[in-house]
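Here is the structure:
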């Protein structure tokens with residue numbers, strides 16, 4: 037089994053609701069790459085912890101739980117707006133991990149070094165021979181710092197709140213713009229200030245602003261960046 041050539045990885049990082057998952061799915065479909073949403077791993081752990089009654093602040097218990105879980109990320113099997121399937125011990129939790137309650141808990145859960153360490157191998161364990169679009173908050177800085185192309189998506193807090201609110205309303209989840217905006221601002225502050233793998237663009241990442249831009253335009257830009265990086269690195273193949 038061959039190891040992943042990190043030069044084949046497109047790392048897409050950025051804050052919540054910056055458009056990472058949508059852009060990554062369209063890009064992966066276009067170039068025939070595997071899509072790996074690392075944020076779903078942390079959300080699945082957060083859901084499992086909530087079900088088990090484990091506090092988001094209990095790092096030791098969370099780490100033990102994480103090591104016992106079987107979390108799988110697979111291509112979307114249902115056409116209901118999902119980007120990928122997320123399975124937790126065999127259960128489809130794709131939408132169960134996308135609730136306001138999980139949104140409020142996941143930053144604290146993912147801040148524990150032991151939890152991040154427990155999931156790091158899973159994020160690096162993709163086998164070789166394929167191009168991969170990886171989505172997260174620390175792909176280019178921690179998970180795959182040797183990624184061939186590093187992208188950091190950004191958008192204003194107001195724009196991100198509008199996107200997240202539309203997503204929640206589309207799933208019949210009640211929320212107000214002010215609530216969503218406050219939650220995003222709080223999560224940004226937490227993610228950016230945590231000691232382990234804080235939210236930040238890699239020094240060599242290309243920052244792409246997604247405010248008021250068509251998705252297709254953003255995908256085109258990232259594809260050009262990735263293909264230029266691959267040509268320079270001599271990356272070929274499927």
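Residue numbers (the working numbering): 37 to 274.
From the three backbone atoms N, C-alpha and C, an ideal C-beta is built for every residue, glycine too.
What you are looking at is a predicted structure, and each value in this text was computed from that prediction instead of being measured.
- If you check the CB distance, residue 254 and residue 243 do not come in under 9 Å.
- For residue 213, no pairing in a beta bridge is given by DSSP.
- Residue 60 sits close to residue 171, with the two beta carbons spaced by under 9 Å.
- Collapsing the DSSP output to three states places residue 167 in coil.
- By the Cβ test, the stretch 209–225 is in contact with the stretch 125–141, since at least three Cβ pairs between them sit closer than 8 Å.
- Judged by pairs of C-beta atoms under 8 Å, the stretch 99–116 touches the stretch 149–160, as three or more such pairs exist.
- According to DSSP, residue pairing for residue 187 in a beta bridge involves 48 and 242.
- By DSSP's assignment, residue 108 forms a beta bridge with 123.
- In this chain, the beta strand (DSSP E) harbouring residue 71 covers 70–73.
- An exposed status is given to residue 157, since fewer than 16 other beta-carbon atoms sit within 10 Å of its beta-carbon.
- Residue ranges of uninterrupted alpha helix (DSSP H) with 4 or more members, entirely inside the stretch 53–94 and ordered along the chain, are 56–67 and 75–88.
- Comparing alpha-carbon positions, the option among 44, 45, 261 and 57 lying closest to residue 199 turns out to be 57.
- With a cutoff of 9 Å on beta-carbon distance, residue 191 and residue 54 are scored as near each other.
- A distance of 9 Å or more separates the beta carbons of residue 130 and residue 209.
- Under DSSP, residue 128 shares a beta bridge with 123.
- Straight-line measurement puts the Cα of residue 236 at about 31 Å from the Cα of residue 128.
- Put simply, the backbone Cα of residue 120 is about 20 Å away from that of residue 174.
- Classified as exposed, residue 114 has fewer than 16 neighbouring CB atoms from the shown chains inside 10 Å of its CB.
- In the three-state reduction of the DSSP assignment, residue 176 falls in the helix class, which pools H, G and I.
- In the three-state DSSP reduction, residue 251 falls in the helix class (H, G or I).
- Look at residue 260 here: in three-state DSSP terms it is helix.
- Going by DSSP, residue 195 is part of the alpha helix (DSSP H) stretching over 193–206.
- The C-alpha of residue 84 lies about 33 Å from the C-alpha of residue 43.
- Between residue 124 and the set 70, 108 and 195, the nearest pair of CA atoms involves 108.
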